[in-house]
Structure formats: structure tokens, C-alpha cells
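Novice: My questions will all concern the structure given below.
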Amino acid sequence: MADCDLCGCSTSRDVFRKEEWQLVACDECGLVRVDPRPEAQQIAAMYAPTAGYQLQRLASSSRYSRWEERRCEVLARITGPARQAPARLLDVGCSTGGYLERARAQGWSVQGIELAKHLAVYARTKRGLPVEHGSVDDVLERFGEQAFDVITLWDVIEHLPQPLRAMRDLYRALRPGGKVYLATPNLAGWVPRYHWQVVRRLWKIWPHPEPPLHLHQFSRDTMARLLSAARFEDVRFAPDEIPLWYTSGFRGAPRWTEWLNGEMHAPRARRLYLMTLPVFLAARLCGGGDSMIVCASKPVANRG
Ligand SMILES: [Zn+2]
Numbered sequence: 000m001a002d003c004d005l006c007g008c009s010t011s012r013d014v015f016r017k018e019e020w021q022l023v024a025c026d027e028c029g030l031v032r033v034d035p036r037p038e039a040q041q042i043a044a045m046y047a048p049t050a051g052y053q054l055q056r057l058a059s060s061s062r063y064s065r066w067e068e069r070r071c072e073v074l075a076r077i078t079g080p081a082r083q084a085p086a087r088l089l090d091v092g093c094s095t096g097g098y099l100e101r102a103r104a105q106g107w108s109v110q111g112i113e114l115a116k117h118l119a120v121y122a123r124t125k126r127g128l129p130v131e132h133g134s135v136d137d138v139l140e141r142f143g144e145q146a147f148d149v150i151t152l153w154d155v156i157e158h159l160p161q162p163l164r165a166m167r168d169l170y171r172a173l174r175p176g177g178k179v180y181l182a183t184p185n186l187a188g189w190v191p192r193y194h195w196q197v198v199r200r201l202w203k204i205w206p207h208p209e210p211p212l213h214l215h216q217f218s219r220d221t222m223a224r225l226l227s228a229a230r231f232e233d234v235r236f237a238p239d240e241i242p243l244w245y246t247s248g249f250r251g252a253p254r255w256t257e258w259l260n261g262e263m264h265a266p267r268a269r270r271l272y273l274m275t276l277p278v279f280l281a282a283r284l285c286g287g288g289d290s291m292i293v294c295a296s297k298p299v300a301n302r303g
């Protein structure tokens, strides 16, 4: 049993078991993690092309990749254009480089890091992006300290075995006054809470956590604590949402044929979609989405 990565507390309570993976919540800070954590070798194997990790992103015509394109546009609007030249932007876990390509078009001098080799190769060869293959721990020191003006982690922090260590390393890689942006699922969103109360009791399922790829599940509270522990300041949150078709088990926004016939791999998808829709829409209206966008700054007065 590993201690909590965020606060070091050694005791926890069981939350939910998903397949063979046990999710526990830290007794001290409440951060939810997979325990025991998979070994480094196991983690590396999950991102191998043979494991099928994000192969759908390589198919440009898939419904998933079309959603991904729109998502990248939204994220590029959030970070906006480079304000001075050269302005360096690092995207950690850049996947096939859809976001980085847009950031480059907005004047950023871009760099990517990607753990899944097939995705890194795609970003390099198809999009001509500078992408290093490896984990943050392995790759980051190649760039030196204070190398970047902006660092982004889009749906990545939840995959990291040691998120606090990663954020501290990224802090050092940022120049003073630089910003980190990230997106991650929000455990305290309305949809996961509703599913916890209702769907878990009804069907013994809880779609929100995704072990073992997602090793940590954050809320705004635990995310604010993580960033503060890594010495980031001026932490800001914006609501975000996971597509309801994804949460329900569809592989893309469902087509009518699929809707009528159901999908073989997700027999409950239609029912789950319909019974969640009112909560999903209410969460959108009220900012209670099941994902969050976070921005934080490294203070201008550099304290290391
Ligand atoms: Zn803790």
C-alpha cells in the first residue's frame, strides 16, 4: 500500500472496486487513488500500441477523432495566442498533437512529451511536431529549468503515478510568471455524484473513475491543494464536462442506428444516457460539470 501522493498520509478508506482495481480515499486530504498502484512496468504496458491505447485517435475519420478536433480548438482558445516571441509552450501527454498543432498556429514555439510511442510518432511524422517519447520524469530534465512560458496537461494529471512530484518538476521548468493549464475529471461533479447515489445502487456500476489508466481522481479541493503544495499561485477553475456519450459507454455521439439497436459493447448505454441527461444539463447550467479546467501561475518573484 502506497502513501497518499499529495499529503503523505498512510491511511485510507475503501471507496469502490472497479474490476480488479480498488479505489481508496486518503483519510487526511480525500484524494482518491488506485491502491495498490500498478508497477511502472505495468503502467508502461498500458500505453503500448499493442494495448490499443487511443488507437481511435489515429483514425482521422472516426467520430471520436472529430470530437477530439473540436476539443483541441476549445483548449487552444483557452491558452490563446503567444503574446511575445519566442514564447515556449510544453504540452505534457500531447497524444497525437492536435492541440499542439493549433498552439503552433497561434505563434507558440511548441514542444510535446508523450508516453505512448505510437502517438508520439504520429505527432512527429504526420504533424511535424517536436515530441519527445517518454514519461515526464524521464524527459523533462532535457529542457532545463525555466524553459517554458506555458505548460499544459490536458486530461493527463489523473494518469500520473506521482502527480505532486510531476507538478513540482513542471514548476521548475516554468519561467517566473509562467502558467500551467490543465484539464482533469472532477470527482465532485454532479454526474459522478448522481451515478454514485443512483446508478451504483441500481447496477453496481460507477462510470466516472477509469482505473487503471486514471490513477488519481481529483476534485477542486484536492486539485487546489496539489497546486498549492507545488507552490503555484493564483489558482483558477473553469467548469468543463466529459461528453455524456462517453460516460454512458458510446464510442462517439451515437448515430440513430446505434441508438435504435444499442451497442454491443455497452448494453446499458441508452438507458444510462437518458437517465443522466437531466443531471448533465443541470450541471452544465450551474457549473457542476464532471471535468474541470484549471490555470495557475508561478510567482514572478522566483523562489526556485
Ligand atoms: Zn492525502
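Residues in the sequence shown are numbered from 0 upward in steps of one, following numbering that gives the first Met the number 0. Don't be surprised by glycine CBs; every beta carbon is placed ideally from N, CA and C. All values derive from a computational prediction rather than experimental measurement.
1. Taking Leu-201 as part of the alpha helix (DSSP H), name the residues at either end of that continuous run.
2. When you compare the segment 41-56 with the segment 69-84, are there three or more beta-carbon pairs, one atom per stretch, that lie closer than 8 angstroms?
3. Note down, in chain order, each residue of its chain lying with its Cβ closer than 7 angstroms to the Cβ of Gln-53, except the 5 sequence neighbours on either side.
4. Can you tell which of Cys-25, Trp-202, Ala-300, Arg-235 has the C-alpha that lies nearest to the C-alpha of Arg-267?
5. Does the beta-carbon of Ala-295 have 16 or more other beta-carbons within 10 angstroms, so that it is buried, or is it exposed?
6. Let me check understanding here. Comparing Cα to Cα, which of Pro-208, Tyr-193, Ala-252 lies closest to Phe-279?
7. By how many angstroms is the C-alpha of Leu-181 removed from the C-alpha of Gly-188?
8. For a minimum of 3 consecutive residues, which ranges assigned as the beta strand (DSSP E) are wholly contained in the segment 150-193?
9. On the three-state DSSP scale, how would you describe Leu-89?
10. Please report the distance separating the alpha-carbon of Arg-174 from that of His-158.
11. As an exercise, report each continuous beta strand (DSSP E) stretch of at least 3 residues that is fully enclosed by the segment 62-107, in chain order.
12. In angstroms with no decimal places, state the Cα-to-Cα distance between Val-293 and Arg-200.
13. Just the C-alpha distance for Gln-40 and Leu-284, rounded to the nearest angstrom, thanks.
14. How would you call Ser-218, buried or exposed, if buried means at least 16 neighbouring beta carbons within 10 angstroms?
15. By Cβ distance below 8 angstroms, which residues in the same chain neighbour Gly-303 in space, the five residues on each side in sequence not counted?
16. Near ligand 1, which residues have their beta-carbon less than 6 angstroms from any of its heavy atoms, given in chain order?
17. Can you tell me which of the three DSSP states Ile-241 falls into?
18. Taking only the alpha-carbon atoms, compute the straight-line gap between Gln-21 and Asp-34 and give it to the nearest angstrom.
19. On the three-pair Cβ rule with 8 angstroms, is the segment 129-142 touching the segment 95-110?
20. Residues in its own chain within less than 6 angstroms of Arg-304 by CB, not counting five upstream and five downstream?
21. With a 10 Å radius around its C-beta and 16 neighbouring C-beta atoms as the bar for buried, classify Ser-56 as buried or exposed.
22. Which value, in whole angstroms, describes the spacing of the CA atoms of Leu-163 and Cys-8?
23. Go through its chain and collect everything with a Cβ distance to Asp-122's Cβ below 8 angstroms, but skip five positions before and after it.
24. What residues in its chain sit with their C-beta under 6 angstroms from that of Leu-226, if we drop five residues either side in the sequence?
25. Whole angstroms are fine: how far does the CA of Leu-169 sit from the CA of Pro-210?
26. Once DSSP output is grouped into helix, strand and coil, what is the label at Cys-294?
27. Please say whether Asn-185 and Met-274 have beta carbons closer to each other than 8 angstroms?
28. Buried or exposed: Leu-271, going by 16 or more other Cβ atoms within 10 Å of its Cβ?
29. What does Leu-271 pair with, by DSSP beta-bridge criteria?
30. Distance check for Val-138 and Cys-25, CA to CA, integer angstroms please.
31. What is the C-beta distance between Pro-160 and Leu-88, in whole angstroms, given that I count them as a contact (C-beta under 8 angstroms)?
32. Which residue's Cα is closest to the Cα of Val-190: Lys-178, Ala-281, Gly-176?
Specialist: Concretely, from the data shown:
1. Locating residue 201 in the sequence shown gives position 202, counting from the first residue. Where Leu-201 is concerned, the enclosing alpha helix (DSSP H) stretches over 199-202.
2. no
3. Looking up residue 53 in the sequence shown gives position 54. Result list for Gln-53: Ser-94, Ala-115, Leu-118, in chain order.
4. To locate residue 267, count along the sequence shown from 1; it is residue 268. Comparing Cα-Cα distances from Arg-267 to each of Cys-25, Trp-202, Ala-300, Arg-235, the minimum goes to Trp-202.
5. For this step, residue 295 is matched to residue 296 along the sequence shown. Under this definition Ala-295 is a buried residue.
6. Sequence index remark: in the sequence shown, residue 279 carries index 280 (1-based). Selected option, being the one with the closest Cα: Tyr-193.
7. As a position in the sequence shown, residue 188 is number 189, starting the count at 1. As a position in the sequence shown, residue 181 is number 182, starting the count at 1. For Gly-188 and Leu-181, the distance between alpha carbons rounds to 17 angstroms.
8. 173-184
9. Stepping through the sequence shown from its first residue, residue 89 is reached at position 90. DSSP places Leu-89 in strand when its eight states are reduced to three.
10. Here residue 174 refers to the residue found at position 175 when the sequence shown is read from its first residue. Here residue 158 refers to the residue found at position 159 when the sequence shown is read from its first residue. The alpha-carbon atoms of Arg-174 and His-158 are separated by roughly 25 angstroms.
11. 87-91
12. As a position in the sequence shown, residue 293 is number 294, starting the count at 1. As a position in the sequence shown, residue 200 is number 201, starting the count at 1. Rounded to whole angstroms, Val-293 to Arg-200 spans 32 angstroms at the Cα level.
13. Translated into positions along the sequence shown, residue 40 becomes position 41. Translated into positions along the sequence shown, residue 284 becomes position 285. Using only the alpha carbons, I get a separation of about 42 angstroms.
14. Here residue 218 refers to the residue found at position 219 when the sequence shown is read from its first residue. Answer is buried; the Cβ neighbour count reaches 16.
15. To locate residue 303, count along the sequence shown from 1; it is residue 304. With a pLDDT of only 47 at Gly-303, under the threshold of 50, the placement of this residue in the model should not be trusted, and no figure is reported.
16. Cys-3, Leu-5, Cys-6, Cys-8, Cys-25, Glu-27, Cys-28, Leu-30
17. Residue 241 sits at position 242 when you count from the first residue of the sequence shown. If DSSP states are grouped into helix, strand and coil, Ile-241 belongs with coil.
18. As a working note, residue 21 is residue 22 in the sequence shown. As a working note, residue 34 is residue 35 in the sequence shown. The alpha-carbon atoms of Gln-21 and Asp-34 are separated by roughly 6 angstroms.
19. yes
20. Because residue 304 is not part of the residues shown, which for the chain are 0 to 303, the question remains open.
21. Within the sequence shown, residue 56 is the residue found at index 57, counting from 1. Position check: residue 56 holds Arg in this sequence, whereas Ser was assumed. The residue is buried, with at least 16 neighbouring Cβ atoms inside 10 Å.
22. As a working mapping, residue 163 is identified with position 164 in the sequence shown. As a working mapping, residue 8 is identified with position 9 in the sequence shown. Approximately 14 angstroms between the Cα atoms of the pair.
23. Here residue 122 is taken as the residue at index 123 of the sequence shown, counted from 1. Per the sequence shown, residue 122 should be read as Ala rather than Asp. Closer than 8 angstroms at the Cβ level, and outside the excluded window around Ala-122, lie Cys-93, Ser-94, Thr-95, Gly-96, Leu-99, Gly-111, Glu-113, Leu-128, Val-130.
24. One-based indexing of the sequence shown puts residue 226 at position 227. The answer, listed in chain order, is Val-234, Ala-295.
25. Counted from its first residue, the sequence shown places residue 210 at position 211. Counted from its first residue, the sequence shown places residue 169 at position 170. Distance between the alpha carbons of Pro-210 and Leu-169 is about 24 angstroms.
26. Within the sequence shown, residue 294 is the residue found at index 295, counting from 1. Of the three classes helix, strand and coil, the one that applies to Cys-294 here is strand, per DSSP.
27. Reading the sequence shown from its first residue, position 275 is the one you call residue 274. Reading the sequence shown from its first residue, position 186 is the one you call residue 185. For Met-274 and Asn-185, no; Cβs fall outside 8 angstroms.
28. If you number the sequence shown from 1, residue 271 lands on position 272. Buried, by the Cβ-count rule.
29. Here residue 271 is taken as the residue at index 272 of the sequence shown, counted from 1. For Leu-271, which the question treats as bridged, DSSP gives no partner whatsoever.
30. Working through the sequence shown from its first residue, we reach residue 25 at position 26. Working through the sequence shown from its first residue, we reach residue 138 at position 139. Cα-Cα distance, rounded: 30 angstroms.
31. As a working mapping, residue 160 is identified with position 161 in the sequence shown. As a working mapping, residue 88 is identified with position 89 in the sequence shown. So it is not a contact: roughly 25 angstroms between Cβ atoms.
32. For the purposes of this step, residue 190 is taken as the residue at position 191 of the sequence shown. If we check each option's Cα against that of Val-190, Ala-281 comes out closest.
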